[in-house]
Structure formats: C-alpha cells, structure tokens
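Line order of the protein sequences matches chains A and B. Just so we're aligned: the first sequence equals residues 2 to 218 in the working numbering. Just so we're aligned: the second sequence equals residues 2 to 218 in the working numbering.
There are 2 protein chains.
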Amino acid sequence: MKSNKIKIVLADDHRMMIDGLRSMLSDEKDLEVVGVAYNGKEALEAVLKHNADVLITDYNMPEMNGLELTEALQKVKPDVKILVLTMYGDITHIEEMLQAGISGYILKNTGNDELINAIHKLHNGGTYYDDEVAQEIFRSLKDNSIKKQNVEKVNLTDREKEIIQLISQEHNNAMIGDMLSISERTVESHRKNIYRKTNTNTIIGLLKFAFANGLVK
Amino acid sequence: MKSNKIKIVLADDHRMMIDGLRSMLSDEKDLEVVGVAYNGKEALEAVLKHNADVLITDYNMPEMNGLELTEALQKVKPDVKILVLTMYGDITHIEEMLQAGISGYILKNTGNDELINAIHKLHNGGTYYDDEVAQEIFRSLKDNSIKKQNVEKVNLTDREKEIIQLISQEHNNAMIGDMLSISERTVESHRKNIYRKTNTNTIIGLLKFAFANGLVK
DNA sequence: ATAAAAATCCGTACTGGTACGGATATTTGA
DNA sequence: TCAAATATCCGTACCAGTACGGATTTTTAT
C-alpha cells in the first residue's frame, strides 16, 4: 500500500478557500489532499478517481451543489465521509444535507484544529457537528411547536379529531358513518365544521393541517 | 430584594438524587435551592410558590411526568427555565420535551461543573444541550432519510413531481392544466400515473406519500 | 337550573375527480 | 439508431363530496 494517510478531496468554488485549506491540511502528517474541485461535478469525479476517504465540500457551487453532490455520492460511493464546510448563512440547508447523508457540518469561521479534529472523527466512523449548527437545529425543532399551538387554539372536539383520523385513513363519509354508528349526514356535518374551524375548504388543506399539527403521522 | 441568587427547584422521584444535587448546588454562592419535589405536581406548586428561576427536573416521575409538567408550566409561568436531567435511556423523549418548551437537556452522568454551567446559561436566556443529546438528535434527523428512499425508488418524473406540488397547493386539474398550458386531460393522465407509481388510489394517500417523502412541506 | 356547545340528522342541485380504455408525439438512454 | 419512457390528449358514465340552509337532541360548564 502506498500510504495510510486519510485521502481528502476539497470542493469549493472559491480558489482562495481551496488554497488555504490545502496548505493548512498539508501540515498534518496523516492527511493528504488527493484532489480539489471547483464545482460539484468535478468533486464527484475526483472522489471516485482517487478513491477518497473524506470529501470536504461547500454547499453553494456551480454545476452541482452540495446537496446534489451528496446524493450522487451516496449512490455510487456511500462509504466516503462527507464534511460540509459553509458559512453561517447556508445553515438553512443543514436538514436536507443531513438527510442526504453527510457525516459532519462545520462553519468556515471555525479554527483549524477543530477542522482537523472533525476529519479524524469522520474517518473513524463518527460524526462532527459544529456547536452553532447544533444550536440552530435545536432552535428549529423548538419552532415546530409553534405550529402545534394551532390545534389547541382551533378547539376541535374529540369527535372531530376522531373523524379527521378516519378521513386520513382513507375512509369515505359512508364508511365513517358505519364505523361510528352515525348517519353519513352527521359525518358530513362534522366535516363542514372541521373545515370551518381549521380554516380550510378542501380535503388537501385539511390533510396539511392534520400533518402540521401532528393529528396524523 | 432579599437576594440575587438564582432560585432553583429540583424535581426527581429519587430522594438520593435530590439530596446529591442539593448539596452540590449549595456550594455555589449564586445559586439557591428554594424547593424540592418528588413528583411533577409538587414541582409545579413549588415553582409557583417560590417564584423559581430555574427548574431542574427528571422525566420519569409519578403523578405528572416531565412532559406534562413542562406543558403546565409553559401555560402558567412561561418565563421559568426548564433543564431536564435524565438518564440516557430517557433520551427518546427529547423531541417532545423540546417542543414543549425546555431550554436545556443534560445527562445524569455529566460532571458538576457542566451542570452549573448549564444553569447559568439558561438563566441568562440561553440554552444548553448535552453533547450526547445533540448527537442523538442528529442521528434521528438522519433516520428520516430512510423514508425518502421511497421517493427515489418510485421514480417519479419531474413533471409528475411538479403536478404533485400543484395538487398539494389545492389546485384542481383544470387550474393545473392552465398553469402548465396543457390539457386538463393530460393532468388527469399524470394523476393516474402518479397514483399507480405511488401505490395509492386516493388524494389522501397521495398527500400522505408526499408528506412522508418531503415533496410537500 | 339553564344556556351554550356539541352531536345528531336531512333534501337537492352541483362540482371535481375516477374508471375505463384508448391514441399520438416527443425525449432519452443504451 | 431505435426502443422505452415520458408527455400529451380524448369521450362518457359514474361516484364522492360540497354548498346551502336548515332542525333536534344530548352534553357540559357555570
């Protein structure tokens, strides 16, 4: 084997960023930058060509952005660890990137030692998420609770919630009537009241309300 | 004013835990344990009675668990900061607790200094989440990607996805036809194909698929 | 006790979407 | 280059749900 160094590919559309990272990483004995790329497509090729262990990538890039790049790599080479290195502004993409399969997320204003630490963690099968990023995630999780306040204000009755459940299970009014031993007409009335209370007027709006408020999973 | 100490209430059904925490916190000059409780109900009363700044609570408690306690406090005294202190096993409750309004989550095997640090952070309007807890959250966010594999296997065309979007925006077939400058009949055909591919046969099932796969937010 | 809220029920005309069973043109990938 | 996939389009009968505008009984909270 030629070496046991961790093989890294850098992807960023800012040449200066790439140069800075490369010189910084070259000081580390167990790391080796085997390729660089200025857009997502080149990054994909470089990772495959050099059989890289870790890809360090920006989100915003021409041709193919970080998300598309991640998705593509998951298909053809899922063992490569992906560390996203972005500015704070791009943090909005964190959730989709996580779901696409990245292993770490770190901000560009983070110190060198943190970056190197992150690379090692990823290479050992671990994950690394910047503190600020973690905070942001927690904040957004909390924000979901705002939506839930809807359902409490709307004051749906138990019967109405029950009927929403059954509607969402793809039962029609006649079936729901049978199941609850009430007239189809009564179900219609409940439905009308539900629409009024939830401020919707189509089954689609109702379903969206139900999802947003955790009435349906 | 009697004092400027941070007023703390401790809630845990294990007396030993309470005693340990109390003696530990009593060493800190700017903290004061103003009340203790062995269940959620007592905790609620104690917080209100002593006008506490911070509540440190377990999740599992008799009478009223940590979630119910948090929800109750948010209604009657939303300014109290809630720090959840649990064993790793209770980590599954983290998401609902976050949505209920806690400001911090810390594990019982964490060191004293971390706990005191967390209390100060909360009292200053900040948040504190244990590293392990953060990891868990990230892991569960990633797990959501499992669902998304559906949508990739199903191989919906761009046009079909576009139409799903428009359907979910409560447009009917005629409107969608106008918007895309195609016949209503064509929209119907796409709809049929979408149902076939997604293995559904009602608008409800389709919406559920779209939500589960992130096609609609 | 009693008023308000919730749950129950109905007729009739109308609209949006489905089922069924096609056909033709355009893109795209191997 | 050429087959497969995708996108386009149509007729007709039918069904589920809506709109509109009610009424009566039961439950719940004060």
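The beta-carbon is built from N, C-alpha and C at its ideal position, and this holds for glycine as well.
Continuous beta strand (DSSP E) stretch holding residue i: start and end
i        : result
A:Thr87  : 82-87
B:Leu216 : Taken as a continuous stretch (DSSP letters only), B:Leu216 belongs to no beta strand (DSSP E), as it is neither H nor E.
B:Tyr196 : No beta strand (DSSP E) contains B:Tyr196, which is instead part of the alpha helix (DSSP H) from 185-199.
CB of residue i within 8 angstroms of CB of residue j, strictly
i        : j        : result
B:Ala53  : B:Ala12  : no
A:Ile291 : A:Ile205 : The structure shown does not extend to residue 291 of chain A, since chain A is modelled only from 2 through 218, so no value can be given for it.
A:Asp124 : A:Lys78  : Checking the sequence, you will find His at residue 124 of chain A rather than Asp. No, the pair does not count as a contact, with Cβ atoms beyond the cut-off.
B:Tyr60  : B:His94  : yes
B:Glu69  : B:Gly41  : yes
B:Asn202 : B:Val188 : no
A:Val48  : A:Ile7   : no
B:Ile57  : B:Leu22  : yes
A:Ile138 : B:Ile138 : yes
B:Arg160 : B:His121 : no
B:Ala135 : A:Ala38  : no
Residue i beta carbon near the ligand FMN (any heavy atom closer than 7 angstroms)
i       : result
B:Glu43 : The ligand FMN is absent from the structure shown, which contains no ligands of any kind.
Continuous alpha helix (DSSP H) stretch holding residue i: start and end
i        : result
A:Leu26  : 16-27
A:Thr71  : 67-77
A:Leu167 : 159-169
A:Ile92  : It is not in any alpha helix (DSSP H) - A:Ile92 carries neither H nor E in the DSSP assignment.
A:His172 : From DSSP, A:His172 is part of no alpha helix (DSSP H); its letter is neither H nor E.
B:Leu43  : Before going on, a small fix: residue 43 of chain B reads as Glu here, not Leu. First-last of the alpha helix (DSSP H) with B:Glu43: 41-51.
B:Glu115 : 113-124
Spatial neighbours of residue i in its chain, beta-carbon cut-off 8 angstroms, leaving aside the 5 residues before and after
i        : result
B:Met180 : Leu167, His172
B:Lys50  : Gly36
B:Leu207 : Ile165, Ile168, Ile195, Tyr196, Thr199, Thr201
A:Leu216 : Val152, Lys162, Ile165, Gln166, Ser169, Phe210
B:Asn66  : Gly41, Tyr60
A:Ser141 : Glu96
A:Leu157 : Ile165, Ile195, Lys198, Thr199
B:Ser182 : none
Proximal residues to residue i (C-beta, below 7 angstroms), its chain only, five neighbours per side dropped
i        : result
A:Thr71  : Ile83, Met98, Ala101, Gly102, Ile103
A:Val155 : Lys198, Thr199
B:Ala119 : Leu84, Gly105, Ile107, Tyr129
B:Asp131 : Tyr106, Ile107, Leu108, Thr111
A:Glu185 : Asn174, Ala175, Gly178
B:Gln75  : Ala101, Gly102
B:Glu29  : Ile117
B:Pro63  : Asp14, Asn40
Counterpart residues of residue i in DSSP-defined beta bridges
i        : result
B:Val34  : B:Ile9
A:Leu1   : No answer is possible for residue 1 of chain A: the residues shown for chain A start at 2 and end at 218.
A:Ile138 : Paired residue(s): none; A:Ile138 is not in a bridge.
A:Ile57  : A:Leu11, A:Leu84
B:Tyr129 : B:Gly105
Cβ-based neighbour list, residue i, same chain, cut-off 6 angstroms, excluding 5 preceding and 5 following
i       : result
A:Leu26 : Leu32, Val34
A:Ala73 : Leu45
Cβ contact check for the region 99-115 of chain B and the region 153-170 of chain B: 3 or more pairs under 8 angstroms: no
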